[in-house]
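Enquirer: Take this structure, written in structure tokens, and hold onto it; I'll ask about it next.
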Amino acid sequence: MTGNAIKDTKKLQASFVPPTQTPDTAQEQPVENHQSHTRTIADEITEKTFQDVSLCYQCGKCSAGCPIRFYMDIAPNKVVRLIQLGLYDEALKSSTPWLCAGCLTCSARCPNNFDLAKFMDAVREIALEKGVEVKEKDILSFHEAFLDQIKMHGRSYEVGLVAEYKMKTLNLLQDVDSAPGMFFKGKLGIMPHNIEDKKSVRDIFKKTSKK
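So the sequence shown is numbered by the working numbering: it starts at 63 and just counts up by one.
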């Protein structure tokens, strides 16, 4: 190649290089991705559950075997689909995650090993973090009352749980006729049975609570 041809080639290369770069350093610069990635709720669920929501391919086996599907406003697999499509508001406002009993039937039967029960836990948690109004307020009250007893005693205290739940929901007379039979069968202890190391349990609550 002649000297003039080499010069012409270098000029041609320089014409394709941005002004801030030189022909010698142009290939060393990393390719910039101009599509900025915004952290989505699907990403948050992946972080909390260690599984990608795209694993669900909507076979519907989870919804077909769910024992309380008929009480839900949206089928369990459809909640996953809403997250996949980015329809987060509809998914977070659904009553389905709150009605989930955590029986793990769906997780055990999933042909693609997608843990739907863990997914529902994450959806509930994110809904609370983002201040979404919970449809099933009584269920939320039960969760709060249960965790309060664990925090105080290190284990469930049934009488305290029932008392706090009824104070939160104001359903004071609900199932009250069941109390005597449960008491005489030893299902309701008057005094709580505290574990020895309650501090360790409280430390767990401190470390896992968002400030």
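A virtual CB, placed ideally from N, CA and C, is assigned to each residue, including glycine.
#1: Between Val224 and Met214, what straight-line distance do the alpha-carbon atoms span, to the nearest angstrom?
#2: Secondary structure at Leu127, three-state DSSP: helix, strand or coil?
#3: Can you find the residues in the same chain that come closer than 6 Å, C-beta to C-beta, to Phe204, ignoring five residues on each side of it along the sequence?
#4: Can you find a heavy atom of the ligand FAD that lies under 7 Å from the Cβ of Leu250?
#5: Here's the rule I'm using: 16 or more other beta-carbon atoms within 10 Å means buried, otherwise exposed. How should Leu149 be labelled?
#6: Using only the alpha-carbon positions, how far apart do Glu38 and Gly216 sit?
#7: Mapping DSSP to helix, strand and coil, what is Leu250?
#8: Under 8 Å: do the region 117 to 133 and the region 175 to 190 share three or more Cβ pairs, one atom per stretch?
#9: Can you give me the start and stop residues for the alpha helix (DSSP H) that Gly216 sits inside?
#10: Under the assumption that Ile252 contacts Ile188 (Cβ atoms under 8 Å), give the Cβ distance between them as a whole number of angstroms.
#11: Looking at Lys140 and Lys197, is the spacing between their C-beta atoms short of 8 Å?
#12: Could you check the C-alpha separation between Thr111 and Asp105 for me, to the nearest Å?
Expert: Looking at the coordinates:
#1: 15 Å
#2: Note on residue identity: the sequence assigns Gly, not Leu, to residue 127. Here Gly127 sits in helix by DSSP.
#3: Cβ neighbours of Phe204 beyond the five flanking positions: Tyr227.
#4: Absence of the ligand FAD is noted for the structure shown, with no ligands found whatsoever.
#5: Flag for Leu149 reads exposed.
#6: Look at the range of the chain in this structure, 63 to 273, and you will see that residue 38 is not part of it.
#7: When secondary structure is reduced to three states using DSSP, Leu250 falls in the coil class, being assigned neither helix nor strand.
#8: The region 117 to 133, when compared against the region 175 to 190, does touch it at the 8 Å Cβ threshold.
#9: No alpha helix (DSSP H) contains Gly216, which DSSP labels as neither H nor E.
#10: Not a contact, Cβ separation roughly 39 Å.
#11: no
#12: 10 Å
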